[in-house]
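Asks: A single structure is presented below for examination.
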Amino acid sequence: MKLTGSLIEVNPADEAIEFYKERGDEFQMINIVVCCYAFERIDGRLVGLPYHISLRPAQKNGKPQKVEPELLRKLDLSRVLDGFPRYMGYNPFSNTFGLYVIGNAPIAKDICSDVVGIVYKTYFLASKYTNKDVCDPGLCTILLGESKGALSDYRKFRFDRYFKTFTNITPVKIWGCDSPIELFLLQGMSSLGLRPEIQMIIFSDGSTFPSLQNMWERGKRTKAFAKKITEADFFFEEQKIAVFCDSVAYHSSPEAIAKDKEIDRKLEAAGIRSVRVSGRDIAASPMECARRIFNYIND
């Protein structure tokens, strides 16, 4: 900010480019990728319902691509999202995709909308930045208020996620479903008109938070996780129902079964009912599992 007279624009000033060159910085281009499980038309506009948000670096020869500061001088960063950039055949649960596409392109008939990774935002990360170089986003700090503790938690999370240099091309999950079986069940519930919250944090006092930031905004510190009961795969706020997708690999041993029962007991004590659906059942029939949940909610 000193270099530009406290004026920051989308495209870096020449003075900033020269500063980065002198410091020896390289940049990684990082995309914020959103995947949607369904689309709805609201007020004449097509609105996507997300199930996963991740960070993915631009890549070259199977490795994160690095660019010199001079390239940023040649780019118009205000137009970096022109052409609706997206990943076709995008699997958010691995590091695979088919094509990275910008602009018009033929769409294969067998491509489903849930494997289109929409590039929501793009940013360039300098290799030699320090934490004090990074400004807090105004809206987030306003929402978090004057709590130094909450701001400290938020900043730590932000640096660990958004400002960590990629050493490989594996995407970093920011929010959303953890596995394909969760997505399948979510799509089944969506077809029945159910719209649960995804990945809800539940505490022993019955309070629930859909994200860490929401938790901080409402006055809870990260250390409150000591009183966390669990994180539900899906949650119906009005009915106070938590849904869990239990894979055979992690929920079939005697120890895991006992742990799940204890979680269910604590949830019941907090006024929350739990529904557990096995991954095997979801794989066999997502719709049948969705109907079970629908009927449970409406009983």
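Here the sequence shown is numbered in the working numbering, starting from 2 and rising by one per residue.
Every residue, glycine too, gets a C-beta built ideally from N, C-alpha and C.
Tell me which residues share the same chain as T123 and place their Cβ nearer than 6 Å to its Cβ, disregarding the 5 neighbours each side in the sequence.
Replies: So the qualifying residues of the chain are N32 and V81.
Asks: For T145, which residues from the same chain have a beta carbon less than 7 Å from its beta carbon, with the 5 sequence-adjacent residues on both sides left out?
Replies: Before going further, note that residue 145 is Leu rather than Thr in the sequence given. If we look at L145 and ignore the five residues flanking it on each side, its Cβ neighbours are A151, L152, Y155, W217 and E218.
Asks: Would you check if the distance between the CB atom of G118 and the CB atom of F94 is smaller than 8 Å?
Replies: No, the Cβ-Cβ distance between G118 and F94 is not below 8 Å.
Asks: Could you give the distance in angstroms between the alpha-carbon of M288 and the alpha-carbon of R159?
Replies: Going by the C-alpha atoms only, they are around 37 Å apart.
Asks: Have a look at the DSSP bridge pairing and note the partners of Y101.
Replies: Y101 is bridged to Y88.
Asks: Please report how far the alpha carbon of I54 lies from the alpha carbon of D44, in whole angstroms.
Replies: Distance between the alpha carbons of I54 and D44: 25 Å.
Asks: How is R222 classed by DSSP in three states: helix, strand or coil?
Replies: R222: coil per DSSP, three-state reduction.
Asks: Quick check on the burial criterion: 16 or more other C-beta atoms within 10 angstroms. Buried or exposed for K61?
Replies: Under this definition K61 is an exposed residue.
Asks: Nearest by alpha-carbon distance to N12: which of P255, V102, D234 and L78 is it?
Replies: Looking at the Cα atoms, L78 is the closest of the given residues.
Asks: If you check the beta carbons only, do A127 and D26 fall under 8 Å apart?
Replies: Contact flag set, yes.
Asks: For E301, does the three-state DSSP call read helix, strand or coil?
Replies: Missing from the structure shown is residue 301; the chain here goes from 2 to 300 and no further.
Asks: Is the Cβ-Cβ distance between M201 and I294 less than 8 Å?
Replies: Their beta carbons are not under 8 Å apart, which means M201 does not touch I294 by this criterion.
Asks: Report the start-end ranges of each beta strand (DSSP E) in the stretch 109-179 that is 3 residues or longer and not cut off at the edges.
Replies: The stretch 109-179 contains these whole beta strand (DSSP E) runs: 117-127 and 173-177.
Asks: In whole angstroms, give me the CA-to-CA distance for K67 and M30.
Replies: Distance between the alpha carbons of K67 and M30 is about 8 Å.
Asks: Out of L56, F85, F210 and K149, which has the shortest C-alpha to C-alpha gap to R162?
Replies: For the residues L56, F85, F210 and K149, the minimum Cα distance to R162 belongs to L56.
Asks: With DSSP as the reference, label D300 as helix, strand or coil.
Replies: In the structure shown, D300 sits in coil (DSSP, three-state: anything other than H, G, I, E or B).
Asks: Are the CB atoms of Y52 and L187 within a distance shorter than 8 Å?
Replies: Going by C-beta atoms, L187 is nearer than 8 Å to Y52.
Asks: At what residues does the beta strand (DSSP E) containing I273 begin and finish?
Replies: Element bounds for I273: n/a, residue is neither H nor E.
Asks: Can you tell me whether T131 is buried or exposed, with buried defined as 16 or more other CB within 10 angstroms of its CB?
Replies: So T131 counts as exposed.
Asks: Pick from V249, P197 and Q214: whose alpha carbon is nearest that of I143?
Replies: Comparing Cα positions, the closest option is Q214.
Asks: Under a three-way DSSP split, which group does R196 fall into?
Replies: R196 falls in the coil class under three-state DSSP.
Asks: Quick check on DSSP: helix, strand or coil for G189?
Replies: The answer is helix: DSSP assigns G189 an H, G or I state.
Asks: Check V312 in the structure and name its three-state DSSP category.
Replies: Lying outside 2 to 300, the shown extent of the chain, residue 312 is not represented and no answer is given.
Asks: Where do the ends of the alpha helix (DSSP H) carrying I283 lie?
Replies: Note, I283: alpha helix (DSSP H), G280 to A285.
Asks: May I ask which residues mark the beginning and end of the alpha helix (DSSP H) holding I54?
Replies: Careful: I54 lies outside any alpha helix (DSSP H), inside the beta strand (DSSP E) at R46 to P58.
Asks: State the DSSP-derived secondary structure class of E10, mapped to helix, strand or coil.
Replies: If DSSP states are grouped into helix, strand and coil, E10 belongs with coil.
Asks: Between which two residues does the alpha helix (DSSP H) containing R80 stretch?
Replies: Taken as a continuous stretch (DSSP letters only), R80 belongs to no alpha helix (DSSP H), as it is neither H nor E.
Asks: Have a look at Y121, V120 and F85 and flag the residue whose alpha-carbon is nearest the alpha-carbon of G104.
Replies: The residue with the shortest Cα to Cα distance from G104 is F85.
Asks: With DSSP as the reference, label Q29 as helix, strand or coil.
Replies: Residue state, collapsed to three classes: strand.
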